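Peer 1: Encoded as structure tokens, here's the structure I'll be asking about.
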Amino acid sequence: MDTVDARFKWLEANGEAQYIADRHYDGLLEGRFYRSTCSRGYIKAVNVPELPDGYYLFSAKDVPGTNRLPIVVPDWPAFADTEVRYIGQVILLLVGPDPLVLEQLLTQVSVEYEPLTPAYTVAQSKALVDGAIHNQDNLFDAHQIDKGDIEAGFAQAVTIFEETVTTGYQEHLYLETQGCVGYVADSKVVIEGSMQCPWYVYHCMSTVLGHQHIRVIQAPTGGGFGGKEDYPNIIAGPLAVAVNQLRQPIRVVLERREDIAFTSKRHPVEFHYRTGVDKHGQIVAMDIKFDLNSGAYFSLSGIVLQRAITTATNVYDIANVRIQGQAWCTNTVPTGAFRGFGSPQTCFCIESHMNHIAQQLGQAPLAFKQAHLLTNQSTTLTGASIFGELVITDLIEQSVSASQYLAKRAAYAAQSSQGAYRKGIGISIFQHGCGFAGDLEDTLVKAKVRLIKDQNEQVTILVSNTDIGQGLVLTFRQIVADTLALPLSQVDISVVDTDSVPDSGPTVASRSIVIVGYILEQAALALKQQWQVGEYQEIEQDYQKPSYHQWDQINYQGNAYQSTSYGVNVVEVEVDMASYEVKINDAWGCYDIGHVINEQIFNGQIDGGMVQALGYGAMEKLELNGEGVFAQKSMADYMVPTSLDVPRIQRSLVDNPYPYGPQGAKGGGELTHNGAASAFVAAVEQAVGQAFNRIPVTPEVIAQTLTNEPQANIKRIDVAEVTNEN
Amino acid sequence: MVAIYRPTQLADALAVLTNETCTVFAGGTDLMVRHRVRPNIVADFSQPVMFIDAITELGQIQTLADGTLRIGAAVTLAQLIAHPLIPDLLKQSAAKIAAPALRNRATLVGNVCNASPAADTLPILYLLDAKVQLQSCQGERTMALTQFILGPGQTPIDGCELLTWLEIPPQQFTQTFYHKVGTRAANALTKVSVVAAAQVVDEHVLDWRIAFGAVAPTVVRSPSLEQLVVGLNVSQLQQTHFITQLQQQYAELIVPIDDQRSTAKYRKQVALNLLKRWLLMIN
């Protein structure tokens, strides 16, 4: 068992860390995918050139096990066999020693297709031209939640607001592109890779190979953000087939353009709101319908859909709600996991809708939101009571005070509409459910951790959760060291290797600290009680669901998540009214993540999450062209913020310890991406005096909105008279 | 594999070019992107490559007796930014190109020879009436930059010629204006850029110029429209009627495109807005 270098991030910082692309192996072969050039169709023939000695081709025919990757449901083939569903789908893996020869051979492969009319958008998916891509109706998944009585709610309404709010694709743009290397050691097929979830890769390999003489090791990983949850399977499946057959080391590393074009993206979403407000200005009913574009294969869309549905009303207590969410199959790159997993979409859309209703009612957005906040007495959207103390009002108070939100909001409202530069300030309130949806931690994941203490009193942590740059290895060591009252140097953590670590679940869903960290704390407590000086000891600990946590996965009733974290963001902008460029002058982030264990590490999450969310709201435009591929192909086209595009972020926390988290901690990694896009757009809206109902709000979008005739995106229906007649 | 030359003397470089057609490589920051294959695979150059970075003479910035600046073909953007005699407008545009690492290699003359419609330094060089000097074993010729840039990526340079020097005549401006609208604040390609300069004495406009980048196949600068402004009183420039009229006249020359980074409509609107901003700034 190898342990991670105890000098935290020392190797990465010095350039000594051996990422997949840096590795050298004797006899290493390179692998390249031949990908579909057709969006939708049947494969009629595959024409391959004669291969030079030492070059090999692998296809669906070579799969010894099952040619389907079990991500959630086994629908995504390792190699396309009879049909292709998107441009970029893997058809062949070409392997050989010289990358240049591989490059030339790839140009000599051709595939004949019988094309069908592709569907790229949800509307096209629903139209079912040339029949369904998936099942009979292209619908991957659909769920509905009803709370209260929606009809009775609308009966009390004097005004109804209808609005559509949409979000676009988002690319992870992790520093290190996707890559894996495979080889045989001790008669096992070993895959090492840049990945979040080695046990997922293990299960995919065992399905594809049909045996379990396999092993998966996480390599140093240069960022993931969810992008390395499902996609490493897509590389490892075909790669394992080749390594299994050739018994030689083979590496597949995607280059940046390939990575941008063909790896999973954040789901675009279209929310349709119908919201009833009574004569006191209170929301009495919300009817929400939304569609997710899931791309060609189901992958993680079901869980993204569940999160988007169960958090659709964000931090608000609305008495009567109906939510219908649907995930659609299209002929585009499958959309998958991305930090927030449906929540950044939900939070942007509902926060914008709330702002726009407030504006229509002549109310201040913050006051309007405050009048609808969840309280300790509230029943959640999914019918549960609130567990623990809500501190949303403290978060708001702290944010408003630090940013001087109210004074600035008033001052900017009074600024000249003719100014060359105009300022605005916006606020967003948001939440994030920590851990797997519902009680899937208990029914599906069943995480297990192990601690080993050797004869020299050195303790080693064995978990499958990966450090992908977020700093997990340090926080885990800190949890165990603090519990055992040992110096940090006396606690190591194992490299994530399926030969030595138990399955403590994937590194996703803001679960690593609150779920796995807590099990580690329990394990450390047990070890402390049984500690025998000079003895080798092993402690295993399983996840145990807290007694309050009840969940009905069929009807989506109960505690939608084991715990929920909260946050407030304030963003201040200045818009150049000649170029429509937006300068972000200031940004504040205030969070309730229970009790923070390592503030410096969490500050990294705040900075990174907020910058990524500001990019999502302001500039990260990723659009499909007419061929169903992204128009933005490189880092010169797909814009993420640089350090000059964002201000120094002002961070703060409200301490609110959670009894079932390590040292009182909840999750926080995704939370930090949920709010900044909405606060940014609200600030731009104040500055330019127009509403926006989609992100990203680029300078082009602002220009278009300001130079066209102003149009209200939100439809207002006055039903007061009708109600009176009744 | 292709032949590689790295002469240290200009005469040697010209001799190589007389014998064979080479890709001339100064900083290489555009060439390495254009000829890239994949990471860890050597760039794919189809013809011999001649590096000119070792020619000391061409790494110089000189001032002639009449005040003309001469910038050698191997002068990097970083050198330019640090040099006391380089006009501030040119420094501003160079400083907005990419990031420090790239500016340490990329050259001004490379930016010119690349002849991209979105080249950052070209609008400034147009505005400053820059000239280019082409040398070969047969001799040399000097031409206005406007004659040198024929279209996107197109120049009249002959295979045996090397663009050795770029010349900027002395200027007397009382006011300048530069606005690059990039895809973001740094490491950004240009969506539209506007550069302008004027010489105003006692409220009389003695010189007035404006150039637009990334809104047409080549930089837009119109001496005839500029002549409409020269000779006027500052107050006349700022009359709404005058501004609108000038915007309409420039609108005919501004013919941008839609691409993955921006839209034609946006580029045109912003170019005209910035023209107005510049007119209102003059005093």
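Chains as they are written, first to last, in our numbering: chain A, 42 to 767; chain B, 59 to 341. Note that CB positions come from ideal geometry on N, CA and C, so glycine has one too. Owing to the predicted nature of the structure, the values given are computational and were not obtained by experimental measurement.
Please compile the residues from chain A whose C-beta is within a distance smaller than 7 Å of the C-beta of residue 237 of chain B.
Peer 2: 620
Peer 1: What residues from chain A crowd round residue 324 of chain B, counting only those whose CB sits closer than 8 Å?
Peer 2: 621, 740, 741, 744, 745
Peer 1: What's the C-alpha gap between residue 157 of chain A and residue 303 of chain A?
Peer 2: 20 Å
Peer 1: Any Cβ of chain A within less than 8 Å of the Cβ of residue 320 of chain B?
Peer 2: Interface residue, yes.
Peer 1: Please name the residue, chosen from A:409, A:362, A:305, that lies closest to residue 421 of chain A on a Cα-to-Cα basis.
Peer 2: A:362
Peer 1: Kindly indicate if chain B contains any beta-carbon less than 8 Å away from that of residue 217 of chain A.
Peer 2: no
Peer 1: Can you name, in chain order, every residue of its own chain whose Cβ lies under 8 Å from the Cβ of residue 586 of chain A, other than the five neighbours on each side?
Peer 2: 480, 482, 483, 603
Peer 1: Per DSSP, residue 475 of chain A forms a beta bridge with which residues?
Peer 2: A:604
Peer 1: Along chain B, in chain order, which residues have C-beta atoms closer than 8 Å to that of residue 59 of chain A?
Peer 2: Within 8 Å Cβ-Cβ: nothing; residue 59 of chain A doesn't reach chain B, min ~15 Å.
Peer 1: Measuring only the C-alpha atoms, how far is residue 765 of chain A from residue 759 of chain A?
Peer 2: Caution is warranted here: a pLDDT of 47 is assigned to residue 765 of chain A, below 50, making its placement in the model unreliable, and no coordinate value can be reported.
Peer 1: Taking the Cβ atom as the reference point for each residue, do residue 492 of chain A and residue 542 of chain A lie within a distance shorter than 8 Å?
Peer 2: no
Peer 1: Quick check on this structure: which residue in B:210, B:102, B:139, B:107 has the alpha carbon closest to the alpha carbon of residue 141 of chain A?
Peer 2: Closest in C-alpha terms to residue 141 of chain A, from the list B:210, B:102, B:139, B:107, comes B:102.
Peer 1: If you drop the 5 nearest sequence neighbours on each side, which residues of the same chain put their C-beta closer than 6 Å to that of residue 767 of chain A?
Peer 2: Only weak support is given to the placement of residue 767 of chain A: the predicted model assigns it a pLDDT of 42, under 50, and the value that follows is read from those uncertain coordinates. So no residue of the chain qualifies.
Peer 1: Let me know if residue 338 of chain A comes out buried or exposed under the rule of 16 or more other beta-carbons within 10 Å of its beta-carbon.
Peer 2: buried
Peer 1: List the residues that DSSP assigns as beta-bridge partners of residue 673 of chain A.
Peer 2: DSSP output for residue 673 of chain A lists no bridge partner at all.
Peer 1: Within a Cβ cutoff of 7 Å, which residues of the same chain sit near residue 568 of chain A, ignoring the five residues on either side of it in sequence?
Peer 2: Cβ within range, chain order: 492, 494, 525, 578, 580.
Peer 1: Which term fits residue 689 of chain A, buried or exposed, when burial requires 16 or more other beta carbons within 10 angstroms of its beta carbon?
Peer 2: exposed
Peer 1: Output yes if chain B places a C-beta closer than 8 Å to the C-beta of residue 764 of chain A; else output no.
Peer 2: Bear in mind that the predicted position of residue 764 of chain A carries a pLDDT of just 49, short of 50, making it unreliable; the figure below should be weighed with that in mind. Judged by the 8 Å Cβ criterion, residue 764 of chain A is not in contact with chain B.
Peer 1: Pick from B:274, B:302, B:63: whose alpha carbon is nearest that of residue 321 of chain B?
Peer 2: B:274
Peer 1: Does the beta carbon of residue 98 of chain B sit closer than 8 Å to a beta carbon anywhere in chain A?
Peer 2: yes
Peer 1: Is there a Cβ of chain B sitting closer than 8 Å to that of residue 140 of chain A, yes or no?
Peer 2: yes
Peer 1: Please name the residue or residues paired with residue 83 of chain A in a DSSP beta bridge.
Peer 2: In the DSSP assignment, residue 83 of chain A is bridged to A:124, A:155.
Peer 1: Around the C-beta of residue 501 of chain A, are 16 or more other C-beta atoms found within 10 angstroms, so that it is buried, or is it exposed?
Peer 2: buried
Peer 1: Counting only beta-carbon separations shorter than 8 Å, does residue 200 of chain B have a partner in chain A?
Peer 2: No, residue 200 of chain B lies away from the interface with chain A (no Cβ there is under 8 Å from its Cβ).
Peer 1: Let's test the definition: count the other Cβ atoms within 10 Å of the Cβ of residue 95 of chain B and tell me whether it reaches 16, buried, or not, exposed.
Peer 2: exposed
Peer 1: Could you give the DSSP three-state label for residue 99 of chain A: helix, strand or coil?
Peer 2: strand
Peer 1: So for residue 108 of chain B, helix, strand or coil by DSSP?
Peer 2: strand
Peer 1: At a CB-CB cut-off below 7 Å, which residues of chain B make contact with residue 135 of chain A?
Peer 2: Per Cβ cutoff of 7 Å: no residues; residue 135 of chain A is ~13 Å from chain B at best.
Peer 1: Taking only runs of the alpha helix (DSSP H) that begin and end inside the segment 437-497 of chain A, which ones reach a length of at least 4 residues, in chain order?
Peer 2: Contiguous alpha helix (DSSP H) elements confined to the segment 437-497 of chain A occur at 446-454, taking only those with 4 or more residues.
Peer 1: If we require 4 or more residues per run, which alpha helix (DSSP H) segments fall completely within the segment 291-337 of chain B?
Peer 2: 292-295, 298-309
Peer 1: Check whether the Cβ atoms of residue 680 of chain A and residue 661 of chain A lie closer than 8 Å to each other.
Peer 2: yes
Peer 1: Please determine if the segment 64-79 of chain A and the segment 129-149 of chain A are in contact, where contact requires at least 3 C-beta pairs separated by less than 8 Å.
Peer 2: Yes, they touch.
Peer 1: According to DSSP, which residues form a beta bridge with residue 334 of chain A?
Peer 2: Residue 334 of chain A is bridged to A:369.
Peer 1: So, helix, strand or coil for residue 163 of chain A, using DSSP?
Peer 2: helix
Peer 1: Along chain E, in chain order, which residues have C-beta atoms closer than 7 Å to that of residue 672 of chain A?
Peer 2: Absent here is chain E; the protein component of the structure consists of chains A and B.
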